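S.K.:
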Amino acid sequence: MALNLKDLNSAQREAVTEIEGPCMIIAGAGSGKTRVLTYKLAYLIERGVSPYEILSLTFTNKAANEMKERVTNLTGLDANRIWMGTFHSIFARLLRFEADRIGFTRSYSIYDTNDSLNLVKRVMTELEISTESFNPAAIHGAISKLKNKLILPSEYSIKAYNAFEKKVAEVYHEYQRLLLKSNAMDFDDLLIKPLELFSRYPEILIKYQKRFKFILVDEYQDTNRAQYQLVKMLSQMYENISVVGDDAQSIYKWRGAEIQNIFDFETDFPHRKIFRLEQNYRSTGSILALAGDVIKKNRRQIEKELWTDNKKGDKVKIIETLTDKDEANKIARQIRDEIKNKKLKFSDFAILYRTNAQSRTLEESLWNSGIPYIIVGGTRFYQRKEIKDIICYLKIIVNPNDDEATLRVLGLTDGIGKTSIEKLVLIARDTGRSIYDVIYTSETNPEIKTALKKNLREIISIIEKYKTLKNEIRLSELVNGVIDEIGIISRYKSENTNEAEERLNNIEELKSAVAEFSDNTEEPTLENFLEQISLVADIDEFDSRKNAVTLMTIHSSKGLEFPVVFITGLEENLFPVSGSIANEEDMEEERRLFYVAITRAQKKLFISYSNQRYRFGVQSYQVKSRFLKEISDKVLKENVEIEKISLKDLVPVRQKKSGISYEYDNTAIKYNGYSKSLPEFEDDKFSDIKKGVKINHESFGSGQVLAVTGKGIDKKAEIYFKDLGVIKKIILKYAKMRVIQNN
DNA sequence: CTGGAACTACCAGGG
DNA sequence: GTAGTTCCAG
Ligand SMILES: Nc1ncnc2c1ncn2[C@@H]1O[C@H](COP(=O)(O)OP(=O)(O)OP(=O)(O)O)[C@@H](O)[C@H]1O
Numbered sequence: 004m005a006l007n008l009k010d011l012n013s014a015q016r017e018a019v020t021e022i023e024g025p026c027m028i029i030a031g032a033g034s035g036k037t038r039v040l041t042y043k044l045a046y047l048i049e050r051g052v053s054p055y056e057i058l059s060l061t062f063t064n065k066a067a068n069e070m071k072e073r074v075t076n077l078t079g080l081d082a083n084r085i086w087m088g089t090f091h092s093i094f095a096r097l098l099r100f101e102a103d104r105i106g107f108t109r110s111y112s113i114y115d116t117n118d119s120l121n122l123v124k125r126v127m128t129e130l131e132i133s134t135e136s137f138n139p140a141a142i143h144g145a146i147s148k149l150k151n152k153l154i155l156p157s158e159y160s161i162k163a164y165n166a167f168e169k170k171v172a173e174v175y176h177e178y179q180r181l182l183l184k185s186n187a188m189d190f191d192d193l194l195i196k197p198l199e200l201f202s203r204y205p206e207i208l209i210k211y212q213k214r215f216k217f218i219l220v221d222e223y224q225d226t227n228r229a230q231y232q233l234v235k236m237l238s239q240m241y242e243n244i245s246v247v248g249d250d251a252q253s254i255y256k257w258r259g260a261e262i263q264n265i266f267d268f269e270t271d272f273p274h275r276k277i278f279r280l281e282q283n284y285r286s287t288g289s290i291l292a293l294a295g296d297v298i299k300k301n302r303r304q305i306e307k308e309l310w311t312d313n314k315k316g317d318k319v320k321i322i323e324t325l326t327d328k329d330e331a332n333k334i335a336r337q338i339r340d341e342i343k344n345k346k347l348k349f350s351d352f353a354i355l356y357r358t359n360a361q362s363r364t365l366e367e368s369l370w371n372s373g374i375p376y377i378i379v380g381g382t383r384f385y386q387r388k389e390i391k392d393i394i395c396y397l398k399i400i401v402n403p404n405d406d407e408a409t410l411r412v413l414g415l416t417d418g419i420g421k422t423s424i425e426k427l428v429l430i431a432r433d434t435g436r437s438i439y440d441v442i443y444t445s446e447t448n449p450e451i452k453t454a455l456k457k458n459l460r461e462i463i464s465i466i467e468k469y470k471t472l473k474n475e476i477r478l479s480e481l482v483n484g485v486i487d488e489i490g491i492i493s494r495y496k497s498e499n500t501n502e503a504e505e506r507l508n509n510i511e512e513l514k515s516a517v518a519e520f521s522d523n524t525e526e527p528t529l530e531n532f533l534e535q536i537s538l539v540a541d542i543d544e545f546d547s548r549k550n551a552v553t554l555m556t557i558h559s560s561k562g563l564e565f566p567v568v569f570i571t572g573l574e575e576n577l578f579p580v581s582g583s584i585a586n587e588e589d590m591e592e593e594r595r596l597f598y599v600a601i602t603r604a605q606k607k608l609f610i611s612y613s614n615q616r617y618r619f620g621v622q623s624y625q626v627k628s629r630f631l632k633e634i635s636d637k638v639l640k641e642n643v644e645i646e647k648i649s650l651k652d653l654v655p656v657r658q659k660k661s662g663i664s665y666e667y668d669n670t671a672i673k674y675n676g677y678s679k680s681l682p683e684f685e686d687d688k689f690s691d692i693k694k695g696v697k698i699n700h701e702s703f704g705s706g707q708v709l710a711v712t713g714k715g716i717d718k719k720a721e722i723y724f725k726d727l728g729v730i731k732k733i734i735l736k737y738a739k740m741r742v743i744q745n746n
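The working numbering puts the first residue of the first sequence at 4, with every later residue one more than the last.
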């Protein structure tokens with residue numbers, strides 16, 4: 004099949020066909036950078052490059068999977084063999100092969116943020132550093148920053164100046180020592196350890212340099228120092244490296260990303276070619292005009308002129324509301340209206356916010372309006388208590404040196420509390436052994452009391468049993484076996500609450516996830532499963548095929564596009580967020596974030612701010628964001644439409660003494676704001692509940708609608724709940740449920 | 001040692 | 001408003 008480059012404009016085509024030598028593509032928002040990368044991969048493969056020889060680094064696992072699929076479609080050849088994924092997952096995989104060189108084994112554990120923080124706390128206790136005077140989270144953050152900057156503990160202990168820094172240096176050193184001892188790496192290590200490996204063993208570096216003849220990096224503006232070093236080292240032999248990025252969309256400085264990498268590329272690769280993509284295909288003229296106007300305020304940026312052939316389109320609407328609740332209600336209503344008038348699907352809408360805490364209010368309004376929605380982010384599936392409990396047993400089976408997992412399992416075991424755990428930790432520390440090893444040999448240890456020995460036996464028997472069986476039985480048998488034997492099911496069953504029910508559902512979901520992993524993975528080992536679940540990002544789980552409104556942070560929305568976008572909470576101290584106000588660089592990053600948010604929209608954009616908002620459970624008064632005040636008169640006139648609070652939003656409230664006065668009332672506004680269209684609105688409310696639709700009910704779990712009776716507000720549905728195995732008649736206006744799948 | 005009540009820190013974002 | 005931690009009775 005011949006690749007058709009007609010789907011590219013001339014700038015894109017040039018960037019695609021330039022495959023040899025270093026190449027930097029500066030691509031404005033919506034200018035088709037994903038398309039260029041996809042075609043470049045396809046072009047390489049068509050020219051006979053083996054997928055094995057290509058290393059393609061993406062920002063999310065989801066992006067990698069989608070790109071593989073598209074390359075396969077374009078070429079008709081299997082793109083699955085390309086080394087494609089996030090930096091973290093690619094180098095985690097590479098480390099599995101080479102870990103023994105740097106003192107780890109191939110079954111090393113990956114510590115997530117929680118594990119790392121717990122380890123910091125443990126180190127602080129051990130070093131007798133008070134967690135009251137020094138915030139463990141702050142220390143952990145400081146350590147992570149140092150690691151991103153490639154500063155070693157030994158270097159830092161010389162540099163550390165004030166009391167805090169000195170404590171950080173102490174903790175950092177011990178933290179690294181314990182990670183090594185536990186055969187564990189944190190997220191930062193996944194990038195740093197390969198660098199260490201490559202510097203210490205040039206022959207290994209050469210091996211990978213030879214393998215990766217072509218290297219592509221997406222979202223280059225958000226790579227950190229370690230990531231840049233990695234691609235620089237790996238590309239040294241062939242210098243066939245393409246990086247694609249947009250300095251205006253750099254939004255991860257806070258976790259170590261360095262825009263400087265864009266400028267360094269020019270100096271480090273003097274022969275580099277530079278391509279610019281400046282035609283935007285995504286958005287209307289008005290949306291783009293606003294975006295350009297916003298980003299203009301930033302000083303530090305590469306000159307580029309983004310333009311479009313698209314129509315000017317509808318004006319961007321800026322909406323002022325009285326409260327956060329009102330903001331949410333207006334959005335819900337707007338979605339209803341748009342769907343009715345324009346034949347849009349729920350999935351055409353995205354609601355974006357600066358902080359995750361804002362999602363609750365928005366969710367409530369959508370719920371009350373009967374609009375199906377998906378929230379990206381929040382508590383991750385694999386972070387849930389019941390799931391993490393199970394995972395920790397699995398982690399010990401793979402890596403018995405994993406002290407964090409062992410500590411958690413100890414905490415779960417009946418009869419073992421603080422005192423016993425402290426005792427075991429102390430023995431482990433004194434003898435330099437892992438905690439599990441102390442447990443394993445406890446029978447013959449005179450320091451351990453008989454009662455404790457008895458309680459430890461259960462842990463030993465489960466872990467040892469599955470350690471032996473691990474390579475003989477299938478992955479799902481192993482996981483199901485562990486779940487059965489640790490008694491977690493019966494514990495939740497006996498609780499008999501909604502919460503326990505949900506936890507049981509989650510455990511079932513874990514089993515399905517294991518089964519799915521086994522079916523779709525070449526080597527479905529426990530190690531690989533654990534690695535994969537450590538590295539899933541929130542956005543990876545987002546399924547754009549589901550017909551639901553998407554709620555997410557602006558950070559998560561990077562790289563995506565939606566016909567209709569709502570950007571919420573344009574208020575001082577929220578967007579821009581409070582921490583960014585004192586510092587010009589942070590402020591510029593906030594502005595870039597606003598730019599990213601605006602440029603997600605294809606057809607229609609709504610931006611809202613509210614005068615009052617619940618924060619930390621109390622009402623607080625909010626001030627309109629400076630980002631809105633900065634918009635130029637020209638754009639305000641030509642591309643923007645403003646909707647202020649009007650008198651009709653004010654509702655009469657009975658005062659105790661004197662008659663009626665106009666003031667805002669949080670509970671009444673909902674009714675008043677909708678009063679005109681309320682009947683029709685209510686009629687629509689349950690229109691999604693139709694025969695065959697799959698729903699999820701808060702107490703009864705998932706089910707399928709068999710029949711619908713009644714009208715309007717009295718509508719009832721007969722639903723078969725498969726978890727309970729019963730059919731129930733539900734009065735919809737009281738039901739707490741939502742549609743999970745339309746048919 | 002356990003479980004629930006009381007208290008407190010939090011909400012800037014994430015692999 | 002919520003999640004995580006601490007405290008205390010049983
Ligand atoms: N040559 C082209 N002709 C028509 N449409 C195009 C062309 N190139 C890209 N597009 C469309 O433009 C839109 C944006 O493309 P893409 O998602 O690749 O942008 P991007 O550069 O990754 O944007 P961002 O950096 O903002 O995430 C997509 O809908 C894509 O299909």
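Built from N, CA and C at the ideal position, the CB exists for glycine as well. As the structure is a prediction and not an experimental result, all values here were calculated from the model.
1. Using DSSP bridges, identify the partner residues of E646.
2. If you measure from the CB of K307, is any heavy atom of ligand 2 nearer than 8 Å?
3. Quick check on this structure: which residue in N550, V567, I542, S547 has the alpha carbon closest to the alpha carbon of T556?
4. Measuring only the C-alpha atoms, how far is K328 from N614?
5. Give a yes or no on contact between the stretch 177-194 and the stretch 402-421, applying the rule of three or more CB pairs nearer than 8 Å.
6. Please name the residue in G620, Q622, S623, I645 whose C-alpha comes closest to that of K632.
7. Contact between the stretch 523-530 and the stretch 45-55 is defined here as three or more beta-carbon pairs at a separation below 8 Å; is this criterion met?
8. Indicate the three-state DSSP secondary structure (helix, strand or coil) for H700 in the structure shown.
9. Do you know offhand how far D546's Cα is from S160's?
10. Looking at R73 and ligand 1, is the gap between the Cβ and the nearest heavy atom below 8 Å?
11. In chain order, what residues of the same chain have a beta carbon less than 8 Å from the beta carbon of E281, not counting five sequence neighbours either side?
12. Going by CA-CA distance only, name the one from V246, N121, K170 that's closest to I262.
13. Starting from T61 and walking both ways along the beta strand (DSSP E), at which residues does that stretch end?
14. Beta carbon of T37: closer than 8 Å to some heavy atom of ligand 1?
15. Would you mind listing the beta strand (DSSP E) stretches within the stretch 324-402 that are 3+ residues and don't spill past its ends, in chain order?
16. Where do the ends of the beta strand (DSSP E) carrying S112 lie?
17. For a quick check, are the C-beta atoms of T226 and F94 less than 9 Å apart?
18. Return the residue from the list R104, E488, G380 that minimises the CA-CA distance to P205.
19. Name, in chain order, the residues that DSSP records as bridge partners for G248.
20. Within its chain, find whatever has a CB closer than 7 Å to the CB of E330; leave out the 5 residues flanking it on each side and keep chain order.
21. Check each candidate in E467, R357, N371 and name the one with the smallest Cα separation from L397.
22. Nearest CA to the CA of I400: which residue from G381, S362, V482?
23. With a Cβ-Cβ cutoff of 9 Å, do L355 and F569 count as a contact?
24. Consult DSSP for G706 and reduce its assignment to one of helix, strand or coil.
25. I need the boundaries of the alpha helix (DSSP H) containing T556, first residue and last residue.
26. Check for me: the beta strand (DSSP E) holding R618 runs from which residue to which?
27. With distance defined between alpha-carbon atoms, name the residue in I584, Y617, L577 nearest to K627.
28. Are the CB atoms of F565 and A431 within a distance shorter than 9 Å?
29. What's the gap between the Cα of Q252 and the Cα of R594?
30. Alpha carbon to alpha carbon, what distance is there between A172 and S136?
31. Should Y255 be listed as close to ligand 1, given that the test is whether its C-beta is under 8 Å from any heavy atom?
32. Figure out for me which residue from I465, K276, T78 has the closest Cα to the Cα of L6.
33. What I want to know is whether the C-beta of A2 ends up closer than 8 Å to one or more non-hydrogen atoms of ligand 1.
34. Taking C-alpha atoms, which residue in A140, I113, S133 lies nearest to N121?
35. Closer than 8 Å to a non-hydrogen atom of ligand 1 - does that hold for the CB of L219?
36. Mind checking who L219 pairs with in its DSSP beta bridge?
M.R.: To lay it out plainly:
1. I322
2. Ligands in the displayed structure: ligand 1; ligand 2 is not one of them.
3. I542
4. 11 Å
5. yes
6. I645
7. no
8. strand
9. 46 Å
10. no
11. A14, G31, S34, K307, E308, L309, W310
12. V246
13. 57-61
14. yes
15. 352-356, 376-378
16. 112-114
17. no
18. R104
19. I29
20. T324, T571, S611, S613
21. E467
22. V482
23. yes
24. strand
25. T556 -> not in any alpha helix (DSSP H); beta strand (DSSP E) instead, spanning 552-556.
26. 604-618
27. L577
28. no
29. 10 Å
30. 16 Å
31. no
32. T78
33. Since the first residue shown for the chain is 4 and the last is 746, residue 2 is missing from the structure and cannot be characterised.
34. A140
35. no
36. S59, S245
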